[in-house]
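Trainee: In this note's numbering, the protein residues as written are 157 to 509. We treat Cβ as the ideally placed atom computed from N, Cα and C, and that holds for glycine. Just passing along the structure, written as structure tokens.
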Amino acid sequence: MAAAAGVSVTTVSLVMNNVESRISDDTRRRVKDAARAVGYAPSSVARGLRTQQTRTVGLISDQIATTPFAGRMLAGAQDAARENGHLVYLVDTGGDEGIESEAIRSLTAQQVDAMIYACMWHRVVDVPDGIPAQTVFLDCRPAGGGYRSVVPDDRAGGLTAVRELVAAGHRRIAYLDTEDPGPIASRLRHEGYLQALAEVGVTADPALHVRAETSAHGGRAAMERLLDLGEDRPTGVFCFNDRMAAGVYIAAHRRGLDIPRDLSVVGYDDQQLIAAEQDPPLTTVALPHYDMGRWAMEVALGVRAEGDEDAAHQMECPVIRRDSVGPPPAHVGKQNRRRASHTERPPKAAPDR
């Protein structure tokens with residue numbers, strides 16, 4: 157480069173490192189033209205030796221990279237990394253512990269400036285061996301605490317979802333839950349469901365809490381059981397996810413019911429190509445994937461000072477209002493109305509968390 161520009165090596169170094177000096181604009185232009193001609197790029201390794209930074213971040217996930225549903229977490233993390241001059245090394249383990257262990261070793265050997273451990277869905281995880289102390293956990297909570305983490309506020313999300321139905325006048329409301337009671341999101345959303353009913357003095361009917369596969373098939377089967385209750389059937393349904401809600405649509409249409417005239421439905425996730433594509437479009441609660449990914453990256457890089465090592469940061473899950481919620485049907489059966497009058501009590505204030 158020095159030979160091509162007709163200058164000294166020192167001059168080239170000063171120009172390429174943007175060091176203030178008395179070098180003329182013409183000389184700077186010649187040096188940069190020479191750099192482009194030879195395809196010069198600064199060495200990140202050499203820069204890292206000088207600054208003790210590699211300008212890279214390691215992100216280990218179970219299956220986020222191969223699932224469009226949660227891909228917005230990666231988008232948020234990558235946008236935050238790029239804005240702060242960092243490159244993201246992504247390793248998708250597919251849930252394989254061997255691949256995960258090797259990824260942690262490799263990224264640590266690469267001396268990444270920060271590391272993020274991400275999960276496909278909200279759960280409590282055991283801290284992997286060898287993971288750095290400053291790792292940020294994304295969409296999961298480390299067992300025992302000790303690390304900063306960010307998760308969706310699923311309890312408030314369930315509360316928000318059922319309040320949509322309550323505000324429309326519904327009191328006979330079902331919750332279609334996952335058949336596996338293990339996921340923390342299942343418990344938290346159910347707690348939100350119960351709180352929303354308690355706020356208007358309604359005692360939850362256990363018959364309206366139905367567990368099934370978290371799929372359209374599971375949602376359809378669960379809804380068919382609820383519709384078999386006849387006059388005791390619910391007029392509103394809150395679903396653990398949008399796929400179950402899609403099954404509710406199928407069951408309702410097979411029985412000749414119109415949504416939302418005869419049955420109101422609220423989903424959860426705002427899953428791409430599902431919620432907005434229903435007929436009518438589905439009212440749902442959105443998981444804040446993009447915002448969680450951005451938060452995790454900014455905390456990992458020290459741009460954001462938030463984060464408690466003993467309590468996960470909970471991010472709001474906003475309701476996305478579309479066309480699947482309306483008032484309960486005027487022809488609700490006498491037995492349904494009688495049951496509501498027996499279970500409904502004067503409302504008691506139940507403050508949000």
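For Asp182, decide whether its Cβ has a neighbour in chain D, counting only Cβ atoms nearer than 8 Å.
Mentor: No chain D appears in the structure shown, which is made up of a single protein chain.
Trainee: Rounded to whole angstroms, what's the CA-CA distance from Gly482 to Gly392? Just pull it up for me.
Mentor: Locating residue 482 in the sequence shown gives position 326, counting from the first residue. Locating residue 392 in the sequence shown gives position 236, counting from the first residue. Going from the Cα of Gly482 to the Cα of Gly392 covers about 9 Å.
Trainee: Whether or not the segment 404-423 and the segment 446-463 are in contact is what I'm after, with contact meaning three or more pairs of Cβ atoms, one per stretch, closer than 8 Å; do they touch?
Mentor: no
Trainee: Do Arg399 and Ala432 have their C-beta atoms within less than 8 Å of each other?
Mentor: As a working note, residue 399 is residue 243 in the sequence shown. As a working note, residue 432 is residue 276 in the sequence shown. Not in contact: Arg399 and Ala432 (Cβ atoms no closer than 8 Å).
Trainee: Can you list, in chain order, the residues of its chain whose CB lies under 7 Å from that of Ala231, leaving out five sequence neighbours each side?
Mentor: Here the question's residue 231 lines up with position 75 in the sequence shown. Excluding sequence positions up to five before and after Ala231, its CB lies within less than 7 Å of the CB of Tyr446, Gly449, all in the same chain and listed in chain order.
Trainee: Just mark Ser342 as buried or exposed, buried being the case when its beta carbon has 16 or more other beta carbons within 10 Å.
Mentor: Position 186 of the sequence shown, counted from the first residue, corresponds to residue 342. Its Cβ being crowded by 16 or more others within 10 Å, Ser342 is buried.
Trainee: Using the beta-carbon count (16 or more within 10 Å), is Leu294 buried or exposed?
Mentor: For the purposes of this step, residue 294 is taken as the residue at position 138 of the sequence shown. Buried: at least 16 other Cβ atoms inside 10 Å.
Trainee: In terms of residues, what are the limits of the beta strand (DSSP E) holding Tyr303?
Mentor: To locate residue 303, count along the sequence shown from 1; it is residue 147. First-last for Tyr303: undefined, no H or E at that position.
Trainee: Please report the Cβ distance between Asp310 and His278, rounded to the nearest whole angstrom; I am assuming they are in contact, meaning their Cβ atoms lie under 8 Å.
Mentor: As a working mapping, residue 310 is identified with position 154 in the sequence shown. As a working mapping, residue 278 is identified with position 122 in the sequence shown. Sure, about 6 Å apart at Cβ, within 8 Å.
Trainee: What distance in whole Å lies between the Cβ atoms of Ala377 and Ala368, which are believed to be in contact at a cut-off of 8 Å?
Mentor: As a position in the sequence shown, residue 368 is number 212, starting the count at 1. As a position in the sequence shown, residue 377 is number 221, starting the count at 1. At roughly 6 Å, the Cβ-Cβ gap stays under 8 Å, so Ala368 and Ala377 are in contact.
Trainee: If distances are taken between C-alpha atoms only, which option among Gly375, Val459, Leu429 comes closest to Leu332?
Mentor: In the sequence shown, residue 332 corresponds to position 176, counting from 1. For the residues Gly375, Val459, Leu429, the minimum Cα distance to Leu332 belongs to Gly375.
Trainee: Just grab the DSSP bridge partners of Phe293 for me.
Mentor: Translated into positions along the sequence shown, residue 293 becomes position 137. Bridge partners of Phe293: Tyr273, Ser305.
Trainee: Pull up the distance between the alpha-carbon of Gly286 and that of Val175, whole angstroms please.
Mentor: Looking up residue 286 in the sequence shown gives position 130. Looking up residue 175 in the sequence shown gives position 19. Distance between the alpha carbons of Gly286 and Val175 is about 40 Å.
Trainee: Looking at the secondary structure, which residues open and close the alpha helix (DSSP H) in which Ala368 lies?
Mentor: Position 212 of the sequence shown, counted from the first residue, corresponds to residue 368. DSSP places Ala368 outside any alpha helix (DSSP H); the residue lies instead in the beta strand (DSSP E), whose first and last residues are 365-368.
Trainee: Would you call the CB atoms of Thr291 and Tyr245 closer than 8 Å?
Mentor: The count along the sequence shown starts at 1 and reaches residue 291 at position 135. The count along the sequence shown starts at 1 and reaches residue 245 at position 89. The Cβ atoms of Thr291 and Tyr245 do not sit closer than 8 Å to each other.
Trainee: Roughly how many angstroms separate the alpha carbons of Asn173 and Ala190, rounded to a whole number?
Mentor: Numbered from its first residue, the sequence shown carries residue 173 at position 17. Numbered from its first residue, the sequence shown carries residue 190 at position 34. Spanning the two alpha carbons is a distance of roughly 15 Å.
Trainee: Looking at the structure shown, is Gly232 part of a helix, part of a strand, or coil, going by DSSP?
Mentor: Here residue 232 refers to the residue found at position 76 of the sequence shown. In this structure, Gly232 counts as helix in the three-state DSSP scheme.
Trainee: Looking at C-alpha atoms only, which residue of Ile406, Pro436, Ala401 is the closest neighbour of Val422?
Mentor: Taking the first residue of the sequence shown as 1, we reach residue 422 at position 266. Nearest of Ile406, Pro436, Ala401 to Val422, Cα basis: Ala401.
Trainee: Under a Cβ-count criterion, where at least 16 other Cβ atoms within 10 Å of its own Cβ denotes burial, should Arg238 be classed as buried or exposed?
Mentor: For this step, residue 238 is matched to residue 82 along the sequence shown. Exposed.
Trainee: Measure how close the beta-carbons of Val283 and Arg297 come, nearest whole angstrom, since I'm counting them as under 8 Å.
Mentor: Walking along the sequence shown from the start, residue 283 turns up at place 127. Walking along the sequence shown from the start, residue 297 turns up at place 141. Actually they are not in contact, since the Cβ atoms of Val283 and Arg297 sit about 10 Å apart, beyond 8 Å.
Trainee: Can you say whether Thr207 is buried or exposed, counting buried as having 16 or more other CB atoms within 10 angstroms of its CB?
Mentor: Here residue 207 refers to the residue found at position 51 of the sequence shown. Below a pLDDT of 50, predicted positions are generally treated as unreliable, and Thr207, at 45, falls in that range; the measurement from the model is reported next regardless. Under this definition Thr207 is an exposed residue.
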